[in-house]
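Asker: One structure follows; several queries about it will come next.
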Amino acid sequence: MELTNETEPEPILVCREVSGGYAVDVPPHQQVLKSISFQVRAGECLSIMGPSGSGKSALLRLLNRFDDPQQGEICFHGRPLHSLDPLEIRRRIALVLQQAVMFHGTVRENLLRRPGGQQLSEAALVQALEEVGLDRLFLDRNATELSGGEKQRISIARSLLGGPEILLLDEPTSALDARSLHLVADLITQLNRVRGLTLIVVTHQAELIHRLGGRVLLLEKGQIIREVRAEEAASLMEQRG
Amino acid sequence: MKPIINVGTFHLLLALAMIAAVLAISYRERLGLERDLIIATARTFLQLFVVGYFLVYLFAWDRWELVLLTFILMLAAASWIAVGRLTRPLPGARWIAVVSLAVGSAITLAFVTHVVIGVDPWYDPRYVIPIGGMILGNAMTGAALAGERFQGELRSRVEEVETLLALGFAGLEAVQDLYRSAIRAAMIPTINAMLAVGIVQLPGMMTGQILSGTSPLVAVKYQVVVMLMIACAVALSSFLFLHLAVRRYLTPAHQLRRHLIV
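Sequences listed follow chains A and B, in order.
By my numbering, the letter at position 235 of the first sequence is numbered 235, and the numbering carries on one by one without gaps.
By my numbering, the letter at position 79 of the second sequence is numbered 320, and the numbering carries on one by one without gaps.
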């Protein structure tokens, strides 16, 4: 589709020359990421792809201020992240971790566990479940007994309840079987296309990138080596085997 | 009342026969404990006699400055040992231990000696040193247990804590459950000891008082005070220790310092 309107939307998130980051397998003062720059526009879907240890998760963790970069700057709506309230950032830029941790209790109790005493109506819970393609009957299920795919979807629903502008997803489908992968991939795509949510997705799965579409950053040894379209990335990965 | 029977030097050495029995078992069953056992026996003799002579002089001098100095040394040792029990080093933990043990023990000790027993003069080493030692020793174990448990919980539940942080919970809210479970872990041995006290064996202090001629009813009253003061000292010190230590694992921006955990 050709853009008829000349003015592109302002970038919602900008990374400028960012270095640092933290990874479990790298000594704390060694830099995981080296001079990373990119920007994301509202409503966009950006994937970050690369081999394990390339710094994908470390990068994602800088974007919701789980860690601070050693150098460079990250801006959200034009304002540096470190000048904003970190708790406010995490509500507006929601990170869904690789492992979907469920707290003890029912799905309802999991969804109701909100920061800052945020109150939620039953209707809001049902709507959150519907957004991730789950029936309202799930509210009374024991959360720790759900399947991997169901847990992942509850985990996304929980993040959506904070009303985020950007959703960060760390390997959302890596622990899932093929069927659940398709379900979760479709759900994430829906959130972007229908709800207009800005997405930044870290993955090493060509299948997921193919379904998501959009731009892809290829990360290697903490640096962005290329930026490609999703269709191109999927075929690149197949060539590499 | 009959005077207490003093154990003579010769008879004390006879007590070594009991260790000879242990050595014999170790040798026969090839337990390989002989060396450790001999060192442990020698240290038991040495350490206790050094303390014994020290107390004789401390009681004879009867000066508050010396009592205070003794406490400071005991506090330094207790803090050192408590921090040494953490599996992962925590920057600043030594000072956290000093502050929490000092405050927790001082409050308990002052209340017991001043309000409950009414020791006169207030620093009387015959009361203050043994009671203070018991308080400090238990506070040390409590703080170490709390710190160790918190660290362990944080290691095994790091994903849960990060999930809460990612949802926008403040750092202290995200570790609240772990914090509670660590204080509970520190308190449980004390509560269990209170439940069992006197049923199977008599506590050391009470046994000592009875052997040295005190009426069992007086000894019981002292033992009750001891149990209650230990509970108080453990709770105060482990609470203070964790209160200060937990903040070390978090940044002001509600970030988890993962290099201190993983």
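In this text, a Cβ means the ideal position worked out from N, Cα and C, and glycines have one as well.
Any C-beta of chain B within less than 8 Å: which residues of the region 60 to 79 of chain A qualify?
Answerer: Flagged, chain order: N64, R65, F66, D67 and D68.
Asker: Would the beta-carbon of L176/A fall within 8 Å of that of G213/A?
Answerer: In the first sequence, counting from the first residue as 1, residue 176/A sits at position 176. In the first sequence, counting from the first residue as 1, residue 213/A sits at position 213. No.
Asker: From the DSSP output, read off the bridge partner residues of Q71/A.
Answerer: The residue you call residue 71/A lines up with position 71 of the first sequence. Answer is S19/A, bridged to Q71/A.
Asker: In this structure, does DSSP put I154/A in helix, strand or coil?
Answerer: Your numbering for residue 154/A matches position 154 in the first sequence. Reduced to three states, the DSSP call for I154/A is helix.
Asker: Just confirm the distance between the C-beta atoms of P51/A and E220/A, as a whole number of angstroms; I'd bet it's less than 8 Å.
Answerer: The residue given as residue 51/A occupies position 51 in the first sequence. The residue given as residue 220/A occupies position 220 in the first sequence. Yes, P51/A and E220/A are in contact; Cβ-Cβ is about 7 Å, under 8 Å.
Asker: Compute the Euclidean distance between the alpha carbons of L197/A and A380/B, then round it to the nearest angstrom.
Answerer: Stepping through the first sequence from its first residue, residue 197/A is reached at position 197. Stepping through the second sequence from its first residue, residue 380/B is reached at position 139. Taking the straight line from one Cα to the other gives about 53 Å.
Asker: Between the Cα of R398/B and those of E73/A, S159/A, G21/A and V101/A, spot the shortest distance and give me the residue it belongs to.
Answerer: On the second sequence, residue 398/B is found 157 positions in, with the first residue counted as 1. With distances taken between Cα atoms, R398/B lies closest to V101/A.
Asker: Distance cutoff 8 Å, beta carbons only. Does G409/B sit that close to anything in chain A?
Answerer: Locating residue 409/B in the second sequence gives position 168, counting from the first residue. Chain A contact via Cβ: present.
Asker: Is A262/B close to chain A? Criterion is C-beta to C-beta, closer than 8 Å.
Answerer: Taking the first residue of the second sequence as position 1, residue 262/B is located at position 21. No, A262/B lies away from the interface with chain A (no Cβ there is under 8 Å from its Cβ).
Asker: Residues in the region 482 to 499 of chain B with C-beta within 7 Å of chain A's C-beta atoms, listed in sequence order?
Answerer: Those residues of the region 482 to 499 of chain B that come within reach of chain A (Cβ to Cβ, closer than 7 Å) are A494, H495, Q496 and R499.
Asker: Taking N64/A as the reference, which of Y22/A, I188/A and R90/A has the closest Cα?
Answerer: For the purposes of this step, residue 64/A is identified with residue 64 of the first sequence, where counting begins at 1. Nearest option by C-alpha distance: R90/A.
Asker: Per DSSP, what are the beta-bridge partners of R215/A in this structure?
Answerer: The count along the first sequence starts at 1 and reaches residue 215/A at position 215. Answer by DSSP bridge pairing, in chain order: L46/A and R229/A.
Asker: Looking at L13/A: is its Cβ nearer than 8 Å to the Cβ of V40/A?
Answerer: Stepping through the first sequence from its first residue, residue 13/A is reached at position 13. Stepping through the first sequence from its first residue, residue 40/A is reached at position 40. For L13/A and V40/A, yes; Cβs fall inside 8 Å.
Asker: Could you tell me the alpha carbon to alpha carbon distance between A318/B and T311/B, rounded to whole angstroms?
Answerer: For the purposes of this step, residue 318/B is taken as the residue at position 77 of the second sequence. For the purposes of this step, residue 311/B is taken as the residue at position 70 of the second sequence. About 11 Å.
Asker: Okay, do the region 449 to 466 of chain B and the region 401 to 415 of chain B touch, 3+ Cβ pairs below 8 Å being the bar?
Answerer: Verdict: no, contact absent.
Asker: Which residues in chain B have a C-beta closer than 7 Å to the C-beta of V101/A? List them in chain order.
Answerer: Within the first sequence, the letter at position 101 stands for residue 101/A. Correct list: E400, E401 and T404.
Asker: Nearest to A123/A by CA position, among I200/A, G117/A, R211/A and L111/A, is which residue?
Answerer: Position 123 of the first sequence holds residue 123/A. That would be L111/A, whose Cα lies nearest to the Cα of A123/A.
Asker: Rounded to the nearest angstrom, what separates R498/B and A301/B at their Cα positions?
Answerer: On the second sequence, position 257 is the one that residue 498/B refers to. On the second sequence, position 60 is the one that residue 301/B refers to. Rounded to the nearest angstrom, the two C-alpha atoms are 51 Å apart.
Asker: Nearest CA to the CA of A128/A: which residue from R114/A, I156/A and E145/A?
Answerer: Reading the first sequence from its first residue, position 128 is the one you call residue 128/A. Nearest C-alpha to A128/A: I156/A.
Asker: Closer than 7 Å by beta-carbon distance: list the chain B residues that pair up with P86/A, in chain order.
Answerer: The residue you call residue 86/A lines up with position 86 of the first sequence. Under the 7 Å cutoff, chain B gives A494 and H495.
Asker: Over what stretch of residues does the alpha helix (DSSP H) that includes F66/A continue unbroken?
Answerer: Counted from its first residue, the first sequence places residue 66/A at position 66. First-last for F66/A: undefined, no H or E at that position.
Asker: Buried or exposed for T285/B, going by 16 or more other Cβ atoms inside 10 Å?
Answerer: Along the second sequence, one-based indexing puts residue 285/B at 44. By the neighbour-count rule (16 or more Cβ atoms within 10 Å), T285/B is not buried but exposed.
Asker: Going by alpha carbons, who is nearest to A415/B out of I36/A, I200/A, F103/A and K151/A?
Answerer: For this step, residue 415/B is matched to residue 174 along the second sequence. Here the closest residue by C-alpha is F103/A.
Asker: I need the straight-line Cα distance from A143/A to I166/A, nearest angstrom please.
Answerer: Taking the first sequence and counting its residues from 1, one reaches residue 143/A at position 143. Taking the first sequence and counting its residues from 1, one reaches residue 166/A at position 166. The alpha-carbon atoms of A143/A and I166/A are separated by roughly 25 Å.
Asker: Counting only beta-carbon separations shorter than 8 Å, does R195/A have a partner in chain B?
Answerer: On the first sequence, residue 195/A is found 195 positions in, with the first residue counted as 1. Answer no: the Cβ-Cβ gap between R195/A and chain B never drops below 8 Å.
Asker: Would you say L95/A lies against chain B (beta-carbon separation less than 8 Å)?
Answerer: Against the first sequence, residue 95/A aligns to sequence position 95. Yes, its Cβ sits closer than 8 Å to a Cβ of chain B.
Asker: Quick one: using the 10 Å Cβ neighbour count with 16 as the cut-off for buried, is E88/A buried or exposed?
Answerer: Residue numbering aside, residue 88/A sits at position 88 when the first sequence is read from its first letter. Its Cβ having fewer than 16 others within 10 Å, E88/A is exposed.
Asker: So is G162/A in contact with chain B if we call contact Cβ pairs under 8 Å?
Answerer: By 1-based counting over the first sequence, the position of residue 162/A is 162. Yes, G162/A lies at the interface with chain B (some Cβ there is under 8 Å from its Cβ).
Asker: DSSP three-state label for D135/A, please.
Answerer: By 1-based counting over the first sequence, the position of residue 135/A is 135. Of the three classes helix, strand and coil, the one that applies to D135/A here is coil, per DSSP.
Asker: Quick check on L97/A: buried or exposed, where buried means 16 or more other Cβ atoms within 10 Å of its Cβ?
Answerer: Looking up residue 97/A in the first sequence gives position 97. That one is buried.
Asker: Is it true that the CB of A185/A sits closer than 8 Å to the CB of L208/A?
Answerer: Here residue 208/A is taken as the residue at index 208 of the first sequence, counted from 1. Here residue 185/A is taken as the residue at index 185 of the first sequence, counted from 1. Taking 8 Å as the Cβ cut-off, L208/A and A185/A qualify as a contacting pair.
Asker: Tell me, please, whether the region 275 to 295 of chain B touches the region 338 to 350 of chain B by the rule of three or more beta-carbon pairs shorter than 8 Å.
Answerer: They do not touch, by the three-pair rule.
Asker: At which residue ranges does the region 77 to 135 of chain A contain complete beta strand (DSSP E) runs of 3 or more residues, listed in the order of the chain?
Answerer: Fully enclosed beta strand (DSSP E) runs of 3 or longer: 93 to 96.
Asker: What residue range is occupied by the uninterrupted beta strand (DSSP E) comprising T198/A?
Answerer: Here residue 198/A corresponds to residue number 198 of the first sequence, with the count starting at 1. T198/A -> beta strand (DSSP E) spans T198 to T203.
Asker: Hey, would you say I154/A sits closer than 8 Å to V194/A, going by beta carbons?
Answerer: Here residue 154/A is taken as the residue at index 154 of the first sequence, counted from 1. Here residue 194/A is taken as the residue at index 194 of the first sequence, counted from 1. The answer is no: Cβ separation not under 8 Å.
Asker: For R211/A, return the contacting residues in chain B, with the cut-off set at a CB-CB distance below 8 Å.
Answerer: As a working note, residue 211/A is residue 211 in the first sequence. The contacting residues do not exist; R211/A stays about 24 Å from chain B at best.
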